[in-house]
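The structure appears right after this line, and notes come after that.
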Amino acid sequence: MQLYYGGEYRLVCGGKIQRRRLEILKVLDVQLGGRGAYAELHKSWSKEELCKKVRVTGWGCDLGLKKTLVTFIGTNDYKETIYQNSEISIKTKYFPVVAALFAFPERILVAQTPEASAKHWESLRGELLERGLPEPEELPIFSGETTAELWEIFRRIVAAVEKGDEVVFDITHAFRTIPLISFLSVAYLKFVRGIDITGLYYGAYEARDIEKNISPVFDLTGFCELLDWIVGVNAFVKYGGAQELGTLLQRAQKVKKLSGDTGPCELNNFGQLISDISDALLTVRPFEVLEKTAKLEKYRAGTGSRHQLENDIKNWAPPFGMLLDQLLNDFLPFSGDGDHIKESNLYRQLDMIRWYVKRQYIPQALSLMRELVVSEQLRREGGLAGGLKIKVREEVSGRLNSRYRKGDKTALGRLWSRLPDLRNDVDHAGWREGSRSAKTILRQTKECLEILEEYLRYPAKGPLDEENMESENLQSHSENRELKVLISALGMSPGLLYTAIKKVEPGFLLVLTSQEAATSLEEILVQAGYTGRYDVIIVADPHTGFDRVPEMLAEVKQCLTGLPRHHLYINLTGGTTCLQYIISHVGKVLPDTCTAVTTVAMIDRRPAAEQRANPYVPGEMVVVEGVES
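Residues in the sequence shown are numbered consecutively from 4, following the numbering used here.
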């Protein structure tokens, strides 16, 4: 059912329901005795009488609603035409009259220059009142010929629009840049004073049907929501917060449902999921982040859920389309599960710390950094099984404190000599003597992250006793030490990486793989007896992601940068063609600390069926280029 403006007001079944108009009629229905009496209005009232009746009933007060129409009038010689769309058909030369009848405002602000006022004000005001609309208010403005005049227009609109107003904009008769400046002014107020922009209309006289003298009315209201999207996009791009975007996606699904489309939709699920991930990151819930981001896997390219989501975005949330892949690339590196004893989850937490530091979430970064050091020490001492017990963690912290007091100069010693006090300084909010400045905290947090990354590169294992401390100190200061580094792709066949680890015996391993194949990495490492440090780079599209090669190589360089002097082994075998292509170009991004490069290939001469049945049998290594150390 909808309200149709023709020669008179009529209720017509079908079409979109205009909430406010329906509520107005319900109020009138109550005052007329109920029982749907409003459905008979068209038999007894003209449109002017209905407007007057609406004003007399005080529906705005009854409904707790307040709407202001901001419209414009210029100095043109406006011609009479029939402004028409699917909901209205009104003959007038002033589109502000159409906008007012369409919006039912309580206030009408007519922005006009002195010249426009002299030419049209009395005539426009008379027609508005004749049709039973509220007494319009003049809003004097300049013509906007200078920057100073444009700022004055801004100030006057800001002063005229009241806090909490629901604003409808008509930009039909505005002059030059004035409608843009005015709309941006109210957009500014939307976030400062809580103003809600619920309408944006344009009467296209220039596009009229000349024979019938019918001019189309363009309802641009949907674009007002772009303001909300701009805020949501800014929050995500700058600060990584997806709560606002999640809310907008959930709202879009509600709009879809209200339209009558009850088909499957992924907007609500996806919106809720990214909101939950943002909340978990903000409150430093790493295991919740791991679990929630794992659920994003079903939205990777090529999946049914991704296809449905893309269609939903295209039809109901177009502004989000350009952000989808960026958001997935931002969050998916955290994908794991809530099992705290899995070593691979520790390195996902390192990714979270990098994410925090990049966006200057310093308290979160320092808190997780400190816990990650304790967890890594537990891993090196035999496992994470007791990692959730406070007593166990306090014991590790105590040993770390003891080690720091003995002047340990390893990466761990340098890190622990700074990190606890820095975190405490931040947590105590400056309520301590000698508290650091904000700039110092930012700088030292970045320095702690660099030392943490250095610490995690070394495959140390064993309890924190004096013997191990001395051995590790000597090792870290040895000028002749050269680390073996293996970089390899991993596909769905684990045997090639297994062979590469067994043959090269690296001290540091870097694996490029897909999210699906990465699930087998922990088993491969166990089978190979590898206890060293490793990093994993997830390639979102391992089959056709050639356009992201520069980005992947930049990640490779970041992982290798900061390693001590090392000999790099590049394994050309394993994974998809795309992964192998990335691996083959690693030589272009090597850091200065790389002293030698050997390119190798792994070969398993057994039948394919036998390889699948028992992948963990060492094959052969062929040196393609370079020499073995």
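Using N, Cα and C, we set each Cβ at its ideal position, and we do this for glycine too. Here the structure is a predicted model, which is why all the values come from computation and not from measurement.
Quick check: what's the CA-CA separation for residue 138 versus residue 171?
Using only the alpha carbons, I get a separation of about 16 angstroms.
Counting C-beta neighbours from all protein chains within 10 Å, is the total for residue 175 16 or more, i.e. buried, or is it exposed?
Only buried fits residue 175, as 16 or more other CB atoms lie within 10 angstroms of its CB.
In whole angstroms, give me the CA-to-CA distance for residue 91 and residue 105.
Taking C-alpha positions only, residue 91 is separated from residue 105 by approximately 7 angstroms.
Bridge partners of residue 136, per DSSP?
DSSP, once it has assigned bridges, lists no residue as partnering residue 136.
Just to confirm my understanding: we take residue 429, look at its own chain, exclude 5 residues before and 5 after, and list those with CB closer than 7 angstroms. What are they?
Cβ-Cβ distances below 7 angstroms link residue 429 to 365, 366, 369, 444 in the same chain, with the five nearest sequence neighbours on each side left out; the list follows chain order.
Element boundaries [alpha helix (DSSP H), containing residue 373]:
It spans 365-383 - the alpha helix (DSSP H) in which residue 373 sits, taken as one unbroken run.
Length of the line joining the Cα atoms of residue 621 and residue 502:
Cα to Cα, residue 621 sits roughly 5 angstroms from residue 502.
Check the DSSP bridge columns for residue 599 and list the partner residues they point to.
DSSP links residue 599 through a beta bridge to 570.
At least three beta-carbon pairs within less than 8 angstroms, the region 238-245 to the region 211-221:
Below 8 angstroms, too few C-beta pairs join the region 238-245 and the region 211-221 to call them touching: fewer than three.
Could you spell out the range, first to last residue, of the beta strand (DSSP E) harbouring residue 74?
Taken as a continuous stretch (DSSP letters only), the beta strand (DSSP E) holding residue 74 covers 70-75.
Simplified DSSP state of residue 622, which is helix, strand or coil:
In the structure shown, the three-state DSSP call for residue 622 is coil.
State yes or no: is the C-beta of residue 248 within less than 8 angstroms of the C-beta of residue 323?
It is a contact, given that the beta carbons lie within the stated cut-off.
I want to know whether the region 330-350 touches the region 224-233 - three or more CB-CB distances under 8 angstroms.
Under the three-pair Cβ rule at 8 angstroms, the region 330-350 does not count as touching the region 224-233.
Could you give the first and the last residue of the continuous alpha helix (DSSP H) run that contains residue 553?
Segment 552-563, the alpha helix (DSSP H) holding residue 553.
So residue 586 and residue 504 are supposed to be a Cβ contact under 8 angstroms. How far apart are they, rounded?
In fact, because the Cβ distance is near 15 angstroms, the residues do not count as touching under 8 angstroms.
Could you please give the first and the last residue of the uninterrupted beta strand (DSSP E) stretch that includes residue 94?
For residue 94, the enclosing beta strand (DSSP E) starts and ends at 92-95.
Can you find at least 3 beta carbon pairs, one from the region 193-208 and one from the region 156-170, that sit closer than 8 angstroms?
Using a C-beta cut-off of 8 angstroms, the region 193-208 makes contact with the region 156-170, since at least three inter-stretch Cβ pairs fall below that distance.
Pairs of beta-carbons, one from the region 89-103 and one from the region 117-134, closer than 8 angstroms: are there three or more?
Taking 8 angstroms as the limit for Cβ pairs, the verdict is that the region 117-134 does touch the region 89-103.
Would residue 521 pass as an interface residue toward chain D - the criterion being a Cβ-Cβ separation below 8 angstroms?
Absence of chain D from the displayed structure is noted, only one protein chain being present.
Can you give the Cα-Cα distance for residue 576 and residue 499, rounded to whole angstroms?
Distance between the alpha carbons of residue 576 and residue 499 is about 7 angstroms.
Beta carbon of residue 293 nearer than 8 angstroms to that of residue 273:
No, the Cβ-Cβ distance between residue 293 and residue 273 is not below 8 angstroms.
Can you list, in chain order, the residues of its chain with a C-beta nearer than 8 angstroms to that of residue 354? Leave out the 5 residues immediately preceding and following it.
The answer, listed in chain order, is 336, 337.
Starting from residue 415, follow the alpha helix (DSSP H) in both directions and report where the run begins and ends.
Annotation: the continuous alpha helix (DSSP H) that includes residue 415 extends over 414-419.
With 16 other Cβ atoms within 10 Å as the buried cut-off, status of residue 189
In summary, residue 189 is buried, with 16 or more beta-carbon neighbours lying within 10 Å of its beta-carbon over all protein chains present.
Other residues of its chain near residue 87: CB distance less than 6 angstroms, five sequence neighbours each side excluded
Closer than 6 angstroms at the Cβ level, and outside the excluded window around residue 87, lie 217.
Taking the straight line between their C-alpha atoms, what separation do you get for residue 350 and residue 604?
Approximately 27 angstroms, taken between the alpha carbons.
Continuous alpha helix (DSSP H) stretch holding residue 498: start and end
Under the DSSP assignment, residue 498 falls in the alpha helix (DSSP H) whose first and last residues are 498-507.
Sheet register partners of residue 114 (DSSP bridge):
Per the DSSP secondary-structure output, residue 114 pairs in a beta bridge with 75, 142.
Are three or more beta carbon pairs between the region 613-630 and the region 590-598 nearer than 8 angstroms?
With the cut-off at 8 angstroms, the region 613-630 and the region 590-598 do not touch.
Can you tell me whether residue 388 is buried or exposed, with buried defined as 16 or more other CB within 10 angstroms of its CB?
By the 10 Å Cβ count, residue 388 comes out exposed.
Could you please give me the residues that DSSP links to residue 605 through a beta bridge?
Answer by DSSP bridge pairing, in chain order: 624.
Closest by CA to residue 185, which one among 154, 84, 120?
Per the Cα distances, 154.
Residue from 434, 383, 206 whose Cα sits closest to the Cα of residue 85
Closest option to residue 85, judged by alpha-carbon separation, among 434, 383, 206: 206.
Reduced DSSP category for residue 150 - H, G, I as helix; E, B as strand; rest coil
Residue 150 carries a helical assignment under DSSP once its states are collapsed to helix, strand and coil.
Beta carbon of residue 147, beta carbon of residue 119: below 8 angstroms?
Not in contact: residue 147 and residue 119 (Cβ atoms no closer than 8 angstroms).
Tell me the residue span of the alpha helix (DSSP H) that contains residue 107.
Counted as a single uninterrupted DSSP element, the stretch harbouring residue 107 is not any alpha helix (DSSP H), since DSSP gives it neither H nor E.
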